[in-house]
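To start, the structure under review is shown below, and the notes come after it.
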Amino acid sequence: MTRPTDDDRTGGDDHRNDHDPILALREISKAYGDVTALSGVDLSVEPGTIHALVGPNGSGKTTLFRIALGLTRPSSGSVDAPADGIGPGFQRANFYRDLTVAENLDVFAALTGADDEAWREELCSTLRLDRVRDRRAGDLSGGFGKKLDLALALLNRPAVVCLDEPMGDLDDVSKTNLLDLLTDYRDEGHAVVVSTHQLGAFADVIDHLTVLHDGAVLVDEPRAAIDLGEHDSLHDLYVARSLAAERDATGDI
1 MTRPTDDDRT
11 GGDDHRNDHD
21 PILALREISK
31 AYGDVTALSG
41 VDLSVEPGTI
51 HALVGPNGSG
61 KTTLFRIALG
71 LTRPSSGSVD
81 APADGIGPGF
91 QRANFYRDLT
101 VAENLDVFAA
111 LTGADDEAWR
121 EELCSTLRLD
131 RVRDRRAGDL
141 SGGFGKKLDL
151 ALALLNRPAV
161 VCLDEPMGDL
171 DDVSKTNLLD
181 LLTDYRDEGH
191 AVVVSTHQLG
201 AFADVIDHLT
211 VLHDGAVLVD
221 EPRAAIDLGE
231 HDSLHDLYVA
241 RSLAAERDAT
251 GDI
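Pasting the structure below:
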C-alpha cells in the first residue's frame, strides 16, 4: 500500500508454497553509526496467524517494523515479503489530512486496486468510520484517526498486515471490535503482525510471540509452546524475561 511517506521498499518474491512463511526476515542487523539497533534478528510469520512483537522501549521493534515494511534498509540480512506488498498500520496515523475520510478511502482504493465495496463497508461499520465519512481527516480525534489508518491498511485485503500499536487511542468498544476483526481476518488465512505494549489485550488471540530486547530476540515461540511456569499471564512472563535480561546485561543480581 502506498502511503504519503518516503518508501524505500525491500521487496520479496512470490515463489512460495503453502508451508512457507508469508513474511520472513533473516539475520537482520541495523546500525546507526556506532549504535546497533538490531543484531542478527530472525522473524518468520506464518499465514493464518496473529504474531505479536513486543519489547521494552529501545528494543528495536520500530526499526524491525520499518525494515519489514521497506521503509528502512537493513545493514545486513534479507527480507522476503509478498510481492504485492504489506498492509501497514502506523503508530502515528498516516493519511491525507486535507481529504475527507471517504476521499482517503477512495484514493487508497484506487492506488491499491481495492474494489471490494462490501469489504470496505464492513471495515467502515466495524471501525465506526461510517459516522465520520465526510469529516476532514485532519480534524479527526486520535481514536478515529487510528481507525482510518487501520482501515487503509486492510482496505485491499493484503496477505499480511503489520500494525504498530493498533490499540492506541481506541476506546474499549473499538478495541473489542478490532480484536474481532483481526481474528476473523486471521481465520481467513491472512497474517497479522502487531507491535504492541499492550500484550494483555492480545493474549487470548495471538498465535506466536516474539520478544525483542536490546536489538536481539529474547523469545520466539508459538503460543501453544510457551510455558507460563510460575507466571499468571503471558504479560507477566514477558515482563519477567525482560527484567532478567536487563539484569544480565547490567550485571545486577
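Residues 1 to 253, numbered by full-length UniProt numbering, are exactly what the sequence shown covers, in order. Glycine residues also receive a C-beta, built at the ideal position from the N, C-alpha and C atoms.
Tell me, please, which residues DSSP counts as bridged to residue i.
| i | result |
| --- | --- |
| ARG26 | SER78 |
| PRO158 | Bridge partners of PRO158: none, in fact. |
| LEU53 | SER195, THR210 |
| ASP220 | THR210 |
| PRO88 | CYS162 |
| ARG136 | THR100 |
| TYR185 | Bridge partners of TYR185: none, in fact. |
| THR36 | ALA31 |
| VAL41 | ILE28 |
Compute the beta-carbon to beta-carbon distance between residue i and residue j, rounded to the nearest angstrom, for a pair I have assumed lies under 8 angstroms.
| i | j | result |
| --- | --- | --- |
| VAL54 | VAL211 | 5 angstroms |
| SER39 | ALA24 | Contact flag wrong, Cβ pair sits at about 18 angstroms. |
| LEU105 | ALA153 | Actually they are not in contact, since the Cβ atoms of LEU105 and ALA153 sit about 12 angstroms apart, beyond 8 angstroms. |
| ASP98 | ARG135 | Contact flag wrong, Cβ pair sits at about 12 angstroms. |
Can you list, in chain order, the residues of its chain with a C-beta nearer than 8 angstroms to that of residue i? Leave out the 5 residues immediately preceding and following it.
| i | result |
| --- | --- |
| LEU170 | GLY143, LYS146, LYS147, LEU178 |
| HIS190 | PRO47, GLY48, ARG157, PRO158, ALA159, VAL160, VAL161 |
| ASP13 | For ASP13, the predicted structure reports a pLDDT of 48, less than 50, and the residue's modelled location is therefore unreliable. A value from the coordinates is still provided. Only ASP80, ALA83 meet the Cβ criterion. |
| ARG66 | THR72 |
| HIS231 | LEU237, ALA240 |
| GLY229 | LEU237 |
| residue 256 | Here the chain comprises residues numbered 1 to 253, so residue 256 is not present and cannot be evaluated. |
Straight-line CA distance for residue i to residue j?
| i | j | result |
| --- | --- | --- |
| ALA114 | ALA244 | 46 angstroms |
| SER233 | ALA110 | 43 angstroms |
| TRP119 | ASP184 | 13 angstroms |
| SER78 | ILE86 | 16 angstroms |
| residue 288 | ASP248 | This structure cannot speak to residue 288, because the chain is shown only from 1 to 253. |
| VAL173 | ALA240 | 30 angstroms |
| ILE226 | ASP214 | 21 angstroms |
| ILE22 | GLY70 | 15 angstroms |
| SER75 | GLY58 | 18 angstroms |
| TYR32 | GLU121 | 43 angstroms |
| VAL219 | LYS175 | 26 angstroms |
| VAL107 | SER141 | 21 angstroms |
| PHE202 | ARG26 | 25 angstroms |
| ASP20 | ALA224 | 20 angstroms |
| GLU165 | GLU117 | 27 angstroms |
| GLY138 | GLU246 | 40 angstroms |
Beta-carbon within less than 6 angstroms of residue i's beta-carbon, same chain only, minus the 5 sequence neighbours each way: which residues are those?
| i | result |
| --- | --- |
| THR250 | none |
| HIS208 | THR49, HIS51, PRO222 |
| VAL132 | VAL101, PHE144 |
| ASP187 | none |
| PRO56 | SER242 |
| ILE206 | ILE50, ALA52, ARG223 |
| residue 254 | Absent from the structure is residue 254, since the part of the chain shown begins at 1 and ends at 253. |
Taking C-alpha atoms, which residue in the options lies nearest to residue i?
| i | options | result |
| --- | --- | --- |
| HIS197 | LEU163, ASP187, GLU188, ASP98 | LEU163 |
| LEU123 | ASP220, LEU228, ASN94, LEU181 | LEU181 |
| THR36 | ASP20, LYS61, ILE50 | LYS61 |
| SER29 | VAL217, HIS231, HIS235, GLU117 | VAL217 |
| VAL193 | ARG128, LYS175, ALA68 | ALA68 |
| LEU64 | SER195, GLU246, GLU165, HIS235 | SER195 |
Is there at least one Cβ from chain C nearer than 7 angstroms to residue i's Cβ?
| i | result |
| --- | --- |
| PHE95 | The structure shown contains no chain C; it holds only a single protein chain. |
Given residue i, which residues of its chain have a CB within under 7 angstroms of its CB, disregarding the five upstream and five downstream residues?
| i | result |
| --- | --- |
| ASP130 | CYS124 |
| ASP149 | GLY89, PHE90, ALA93, ASN94, PHE95 |
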